Every structure is written in structure tokens, then in C-alpha cells.
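In this text, residue positions in the sequence shown follow my numbering: the first is 1, and each later residue adds one. Notes follow the structure.
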Amino acid sequence: MHEKERHRIILSAVQERPVVTVQELVELTSSSEATIRRDIAALHVQKRLRRVRGGAEAITPPQFIGLAGRPFKVNETMHSAQKRAIAREAVELCSDGEPIIINGGTTTFQMVHYLSNRRMPIFTNSFPIAEHLLKHSKNTVMLSGGTIYREQNIILSPFENDVTRNFYARRMFMGAQGLGPLGLMEGDPLLIQAEQKLIDQADELVVLVDSSKFRQRSSLILCGLSRIATVITDEGIEDHEAKMLEEAGVGLVVARSSVSKPEESSIPA
């Protein structure tokens, strides 16, 4: 990642929360700790942020606290071919007229390209998913209510009595920050709260994760493996990870990104 892009991500992160640690910035940018410390020092000298012990803070404290995790625009560029292949397999599970829920995320976003010719009720908490489906499909789209978190392009509500409770789905499709023996993991308590409400509205939970997510961990558990019906991932999944899913009774679909269909050539990364 170029220095200019790292600086943009770092400055965005310090505006989203009171203090951002060096380790959080390492994870956000996939850079080394030494590189991040140099970036913080440079931005501190430029008076674009304030260096603090173990991290950085904004010169002007943020008025609105965002969510933990990488921004949507950063995640969108990572493992793009695998995400498209995973999304294609996910849409293969759908039937016209069948209600589904699609949780916000960069892998689930890729589903919109394959849903363009479908006709089904779709509930989502993702602003870009809803916008794309409205413009490029005839699906019925319902959005959750709440606050739009710009960096993640997701809509979340802290209230129990929102429209989420009024939608039933045959399947819910979602991504996650990590996936391990204890289940699905996320990095923010507000995400956990909102996603658990959505999961309760679906018969089956289908998880869309590229294989790198099997090696990522978080301190927050969203749900156990027993709640997951199917995991769709790419060819990078390792044998012991596949065995973990099999022993938990979770179905596994391996999407092959090397096999492309002719019509996919126009689909953006």
C-alpha cells in the first residue's frame, strides 16, 4: 500500500474514534508496526494528527464515534476475485420469490451483480447494496433504519423496535471479521448487537468469507458454529479448517475463482 493511501486511512481512523492504537492501524493497512510509527510521526510533524503513547488521536476530537474495523473502501480491494466467486456461489442458493437478508460487507456486496436478473424480497443494512439493487435490478428492497456509518457503509440501529423484527427470510447471507472453532467473530459491539437481531429473522445462516478469515481472530463472538448452515469460501481453505466445519456439522462450498463465466468480464472488482 502506498504511503498516501496509508495516510488517508490513518487520518480517517483517528476521526472515527478517540484514540487509534498502532496495532489497529497495522491491521487496517496491512503494514508493519515500524511503518505505522513512521507514518504517525510524519503526520504529527505535519500537524494532521497528534501522536500519543501507543497510537494517535485527532487534532480535533471526533464528534461521532465510528465502528472498529477496516473501511469499506479498503476491504473492497482485498481478495476481490475470491469474493466475486464466493458471491456467485451464494446467489446459486437463492430462488426467485424467496426472501433473503444480506448483511453489509464487501464480500456480500458482490452478490448484487448476480442478483440483477432475480426477483425476490431482499432486506439489507447495507446502503451500497440497496442502492445498486434499486438501480440495476427489479428485486424488492427493504432497508433497515438507523445511523449510516460512512466508513463501513452500513446502517445500524441500537433500538429493539426497528423494522428488522418484521422481516422473515429463508436465508441470511453475511460476512465476518474472523471464523474459528468458537464461531463467527466481529470487532465491534454495535455490529454484534445488530447482526444478532438479523440472524434471528432467518431460518438458515450462510457465511461468506474468503479463506484468510479462518486465520483472523477478534475478542467478540457473534454466534457459534452450530448456528451456521453453510460456509462459502475460496480454494485457500486449509484441510484442518474444512475438518473443523465438518465436525461442527456446517456445510462447506468452495468457490473456484479460477473458473469464470463469460458474462463476468464486465463485473468490477
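Note that the Cβ used here is the ideal one computed from N, Cα and C, for glycine as well. Owing to the predicted nature of the structure, the values given are computational and were not obtained by experimental measurement.
- Fully contained in the segment 158 to 246 are the following alpha helix (DSSP H) runs of length 4 or more, in chain order: 189 to 199.
- Under DSSP, the beta-bridge partners assigned to Val254 are Thr233.
- The beta carbons of Ile40 and Arg53 sit about 11 Å from each other, so the pair does not count as a contact at 8 Å.
- For Leu134, the enclosing alpha helix (DSSP H) stretches over residues Phe127 to His136.
- Arg84 and Glu238 have their C-alpha atoms roughly 20 Å apart.
- For Met142, there is no enclosing alpha helix (DSSP H); the enclosing beta strand (DSSP E) has its first and last residue at Thr140 to Leu143.
- Looking at Ala248, Gln177, Gln15 and Thr29, the one whose alpha-carbon comes closest to that of Glu5 is Thr29.
- If you compare the alpha carbons of Arg88, Ala42 and Ile228 with that of Leu115, the shortest gap goes to Arg88.
- Counting other Cβ atoms within 10 Å of its Cβ, Glu235 stays below 16 and is therefore classed as exposed.
- Val163 has its alpha-carbon roughly 35 Å from the corresponding atom of Leu25.
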